[in-house]
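Reviewing the structure listed below.
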Amino acid sequence: GLANTGGTIDKLESVPGWRGEMTEGEFLERAERIGLVIAAQSPDLAPLDGKLYALRDVTATVESIPLIASSIMSKKLAAGARSIVLDVKVGKGAFMKTLEEARLLAKTMVGIGQGAGRRVRALLTSMEAPLGRAVGNAIEVREAIETLKGKGPEDLLEVALRLAEESLRLEGLDPSLARRAWESGKALERFQAFLEAQGGNPRVVEDFSLLPLGEELPLASEKEGVVQEVDAYRVGLAVLALG
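Rendered as structure tokens:
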């Protein structure tokens with residue numbers, strides 16, 4: 002996991018059977034056939050990054066901006082992407098707590114990518130409050146599927162579409178293709194195919210009971226009022242404490 006929150010791999014591993022480790026050949030085959038692949042760092046993908054991360058963990062440099070930038074970009078470059086869109090989170094629930102830190106990280110990563118001859122764009126998105134309504138591995142996967150079905154929270158959809166649109170722009174394609182893929186259901190179809198290609202049970206898209214979801218308990222406020230702030234960092238810590 003990553004500090005107060007799980008990483009993308011942690012979340013996807015809540016899908017029964019899904020795995021993020023693969024060979025270089027498997028990575029390329031799935032990228033070409035499915036159009037979507039998410040891989041964990043492995044002996045076949047940026048192997049040195051794994052050793053550097055272990056070193057960062059014991060030297061209190063996990064939050065070092067140059068090392069964060071090199072870790073993220075090494076995998077992007079090793080995967081061979083021509084165009085790279087980066088979602089740089091900023092706020093209480095992110096590694097980068099201030100806009101200044103986030104801008105420095107974004108500029109560092111963009112510089113690395115451009116230095117390697119890639120087209121790179123970074124978007125700064127807020128993590129002051131939790132994005133969407135779910136916090137936790139399996140329930141975030143459920144929320145992502147609900148969003149692909151057109152039933153998710155607007156803030157999550159907005160960020161997802163904006164990132165997809167930027168990816169299309171960098172490749173010289175019509176950015177409206179992103180919304181059209183979502184509205185037509187093609188994005189959901191690709192996600193289901195992606196889960197299956199990486200060993201996951203594709204039926205979770207129709208049957209959320211296949212996900213390892215915990216018991217749901219409604220908690221009603223004892224007072225009337227309006228919630229003015231939800232601290233993403235504290236919410237993340239609470240989820241970790243719950244296991």
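So in my numbering, spot 89 of the sequence shown is number 90, and the numbers just go up one at a time.
For every residue, glycine included, the Cβ atom is placed at its ideal position computed from N, Cα and C.
The model shown is predicted, which means the values in this text are computed figures rather than measured ones.
Please classify residue i: is it buried, with 16 or more other beta-carbons within 10 angstroms of its beta-carbon, or exposed?
| i | result |
| --- | --- |
| Val206 | buried |
| Thr148 | buried |
| Leu49 | exposed |
| Arg31 | buried |
| Arg235 | exposed |
| Gln115 | exposed |
| Gly21 | buried |
| Val111 | buried |
| Ala221 | exposed |
| Gly81 | exposed |
| Ala70 | buried |
| Ala242 | exposed |
| Gly237 | buried |
| Gly173 | exposed |
| Ala61 | exposed |
| Gly2 | Note on Gly2: pLDDT 49, under 50, position unreliable in the model; the coordinate value appears next. Exposed, because fewer than 16 other Cβ atoms sit within 10 Å of the Cβ of Gly2. |
| Lys224 | exposed |
| Val59 | exposed |
| Ser177 | exposed |
| Gly226 | exposed |
Out of the options, state which residue places its alpha-carbon closest to the alpha-carbon of residue i.
| i | options | result |
| --- | --- | --- |
| Leu37 | Ala55, Ala188, Ser210 | Ala188 |
| Glu184 | Ile140, Leu162, Thr24 | Leu162 |
| Ala239 | Gly94, Val89, Pro67 | Gly94 |
| Gly151 | Gly186, Glu167, Gly8 | Gly186 |
| Leu157 | Gly173, Ala123, Val136 | Val136 |
| Gly200 | Glu14, Gly81, Trp19 | Trp19 |
| Arg34 | Gly226, Glu223, Arg191 | Arg191 |
| Gln42 | Gly8, Pro17, Ser15, Leu125 | Gly8 |
| Leu29 | Ser177, Ala198, Asn202 | Ala198 |
| Ser84 | Lys12, Arg122, Ile113 | Arg122 |
| Gly244 | Ser168, Gly215, Pro203 | Gly215 |
| Arg180 | Leu171, Val160, Leu124, Glu225 | Val160 |
| Ile10 | Val227, Arg170, Leu196 | Leu196 |
| Met128 | Lys224, Glu217, Ala233 | Ala233 |
| Ile39 | Pro17, Val227, Lys12 | Lys12 |
| Arg204 | Val228, Ile146, Ala182, Gly226 | Ile146 |
| Pro17 | Val227, Leu218, Pro219, Asn202 | Asn202 |
| Ile113 | Val228, Leu218, Pro219, Ser72 | Ser72 |
Any Cβ of chain C within less than 8 Å of the Cβ of residue i?
| i | result |
| --- | --- |
| Ala145 | Note that chain C does not occur in the displayed structure, where there is just one protein chain. |
Our contact map puts residue i next to residue j with C-beta atoms below 8 Å; I'd like the distance itself, whole angstroms only.
| i | j | result |
| --- | --- | --- |
| Val231 | Pro131 | 6 Å |
| Asp45 | Glu25 | 5 Å |
| Ala107 | Leu78 | About 16 Å; that fails the 8 Å criterion. |
Query raised in the report: Does the pairing of the stretch 210-223 with the stretch 44-55 give three or more beta-carbon distances under 8 Å?
Result: no
Query raised in the report: Are the stretch 95-106 and the stretch 64-71 touching, with three or more C-beta to C-beta distances below 8 Å?
Result: yes
Query raised in the report: Do the stretch 99-114 and the stretch 79-89 make contact, defined as three or more Cβ pairs closer than 8 Å?
Result: yes
**Report entry** Runs of alpha helix (DSSP H) lying entirely within the stretch 148-175, each at least 4 residues, in chain order
**Finding:** 155-171
Query raised in the report: For the stretch 163-170 against the stretch 137-145, are there 3 or more C-beta pairs whose distance is under 8 Å?
Result: no
Report task. Please specify which runs of the alpha helix (DSSP H), each continuous and at least 4 residues long, are wholly inside the stretch 51-106, giving them in chain order. Result -> 66-79
Query - Residue ranges of each beta strand (DSSP E) within the stretch 12-47, 3 or longer - result: none
**Report entry** Ordered list of beta strand (DSSP E) runs contained in the stretch 116-152, each at least 3 residues
**Finding:** 120-127
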